[in-house]
Structure formats: structure tokens, C-alpha cells
Amino acid sequence: MTTENSSNSKKATIFMILTIVLAIVCCILTWQLISVKETVRIEKVTKDSLITDNSGLLQKLKNLDTEYSNLIGEYDNLDSLFTTEKETVKNLIAEIKSAKGTNKNYQKKVDELEARLKDYVAQIEELKAKNQALTVENLKVKTSLDSSNTENSKLSSNNEDLSKKVEAGSVLKAYEVFADAIKVKSGKEIPTKRAKKVDKIRTCFVLSENAIAAKGEKTIYLRIAGPDGVILAKGTDDTYSFKYEGKDIIYSSKSTTNFTGKAVDICMYWEKTKDFKKGNYTAELFLDGYVIGSSNFTLE
Numbered sequence: 132m133t134t135e136n137s138s139n140s141k142k143a144t145i146f147m148i149l150t151i152v153l154a155i156v157c158c159i160l161t162w163q164l165i166s167v168k169e170t171v172r173i174e175k176v177t178k179d180s181l182i183t184d185n186s187g188l189l190q191k192l193k194n195l196d197t198e199y200s201n202l203i204g205e206y207d208n209l210d211s212l213f214t215t216e217k218e219t220v221k222n223l224i225a226e227i228k229s230a231k232g233t234n235k236n237y238q239k240k241v242d243e244l245e246a247r248l249k250d251y252v253a254q255i256e257e258l259k260a261k262n263q264a265l266t267v268e269n270l271k272v273k274t275s276l277d278s279s280n281t282e283n284s285k286l287s288s289n290n291e292d293l294s295k296k297v298e299a300g301s302v303l304k305a306y307e308v309f310a311d312a313i314k315v316k317s318g319k320e321i322p323t324k325r326a327k328k329v330d331k332i333r334t335c336f337v338l339s340e341n342a343i344a345a346k347g348e349k350t351i352y353l354r355i356a357g358p359d360g361v362i363l364a365k366g367t368d369d370t371y372s373f374k375y376e377g378k379d380i381i382y383s384s385k386s387t388t389n390f391t392g393k394a395v396d397i398c399m400y401w402e403k404t405k406d407f408k409k410g411n412y413t414a415e416l417f418l419d420g421y422v423i424g425s426s427n428f429t430l431e
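Sequential numbering from 132 applies to the sequence shown in the numbering used here.
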């Protein structure tokens, strides 16, 4: 009886120990299950948060890509720089999508890209402002130059007109021009209209007074054209010619006088070299490239 009771007591003890061990195992398993669930929950929350954060970063990167595309289209001379930045943005987008780094690291890179873009835009705006200021200044300068050029043109035109007036005013004139034929008898000059009796052709005139004309020696040329239009001359070479309107023309006679600005009486002659023809004769006077007077007469 005692042996049977002892056996039952051992069984009870073993059962109790097993029960306690089982309870402990159950507690451990329950704790582990709870711990795993919490870990899963935390990871899910973290992942969801990371996805949310990454979505925001991806959107920022897309905005950056668009901004750089616009800048490339607007500033061709900076396209290589902005293309490089676009490539950096593209690589970072691919990296975020493959989750190769931490969100904190990505955020830092995105912030750096945004900061660089702001710096580029700020520099561009500053250059725009400077260029605009330069454009305005250049416009003012151009307007001023145009105004100055216009004024200078007016002054040049006025000066040219004045020079022409001075030049025209400085041209000497011959007044009271009178040409006639004369015969010489006993040293006296007697006018005649008969061609056979003419010894000389005389042309007298008054060289005008002129205060602004250049002073000094003046050479006056006389050209006498006969009825046939031929100029009476001693020769046709350079010795008997002068410049007029860019051409060499022959003269009949020339006279040199010292002009002082005052009027002076002058007579010039053509002496007979052969018989004079009947008809109309014209005498013209030249000085300093201008025709200063003329007269006509007729021989019978």
C-alpha cells in the first residue's frame, strides 16, 4: 500500500513539473509571437513612412528635372551644365526607386540639388537684371549718339553751306566788261568796227572789290572766240593753256595783278596775227577756275 502511494506521488510531481514547463514554454512562445508582430508592425510603419517620404522626394526630383529642361530650352549656352544636373537627378530617382540608401541620405542629396538650382536661377536673374540695365544704358547712349550725330550732321551741313557761301562770296567778279576792236594811229588807240583796219582787240573791265577773297597775285585769262568759234591763240600747247573744270583749255591773253582787296581797272589785249574775219566775237574772262565776266562785239 505504501509502495503504491509513493508511485502515485511521483507521477503527480512529474505532471506538475511538465505542466509548469509547458506553461513556461507557452509564455515564451506567446512573448515571441507578440515581439514578432510588433517588429512586423514597426517595419511596416517604417516602410510605409519611407515610401511616403520617398514619394515626396521623387516628386521633388521630377520637379527639378522639369526645371532643368526649361532652363536648357531657354539658355542654350548653359545646356551642358544643366544636362549634367538632369543626369544627376535621373540617377538619384533610379537609386531611390531601388532603395539603395537611407531616406535621410536621399533627402540631403535632394536638398543639395534644390539649393544648386536656386543658386543657378539667382545667378541667371542677376545676369538678366544686369543685361537689362546695360540694354537700357546702351539705348540711352545710342539715343544720345544718334542725337549727337544728327546735331553733327546739321552742323556739318551748316558748315558746308557756310563754306559754300564763303567760297561763293570770295569769288572775284569782273564788272563793266567791254570788248572792242581798235586801230593804232600815232600811238593812239582808236575804236573801229572794220575788220580790215583792226590792229588789236581790247577787253577792259573792273576787277571787283572783295574783303574776304585771298589777297596776292591773281592771273586772269582772256579767251576770244571768232565768228567761227575758234579761239584766237598764239599756240595750242601747254604754254598757252590753263585749267578749267578739270580740263586744259587755251587762252588768248593773260594778265597778272596784285590783288589787295580793292577794285582795280584792267585792260587786256590780243594783237593781230592775221586778218580778222567779219562777224561776232566773244571775249570771256577767267580767274581761279571761274568765268568772271564776258562781252561781245561785231566786226564788219
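Even glycine gets a Cβ: it sits at the ideal position worked out from N, Cα and C.
Can you list, in chain order, the stretches of the alpha helix (DSSP H) that have 4 or more residues and sit fully within the stretch 208 to 254? 210 to 228
Can you name, in chain order, every residue of its own chain whose Cβ lies under 7 Å from the Cβ of I224, other than the five neighbours on each side? L189 and L192
Test item: CB-CB of R333 and I351 under 8 Å: no
Going by DSSP, what residue range makes up the beta strand (DSSP E) through A326? Element bounds for A326: n/a, residue is neither H nor E.
Provide the residue span of the beta strand (DSSP E) that contains L416, from first to last. G410 to L418
Could you say if the stretch 327 to 341 and the stretch 405 to 423 meet the contact criterion of at least three C-beta pairs nearer than 8 Å? yes
Classify F309: buried if its beta carbon has 16 or more other beta carbons within 10 angstroms, exposed otherwise. exposed
Check whether the stretch 317 to 325 touches the stretch 410 to 425, counting contact only when three or more Cβ pairs, one atom from each stretch, lie closer than 8 Å. no
Would you please state the rounded distance, in angstroms, between the beta carbons of K217 and Y199? I believe it to be under 8 Å. 5 Å
On the three-state DSSP scale, how would you describe I145? helix
Taking the DSSP output, what are the residues bridged to C398? C335
Quick one: residues in its chain with C-beta nearer than 7 Å to the C-beta of T214, no 5 flanking neighbours on either side, listed in chain order? I203
By the 10 Å Cβ neighbour count, where 16 or more other Cβ atoms means buried, how is D311 classified, buried or exposed? buried
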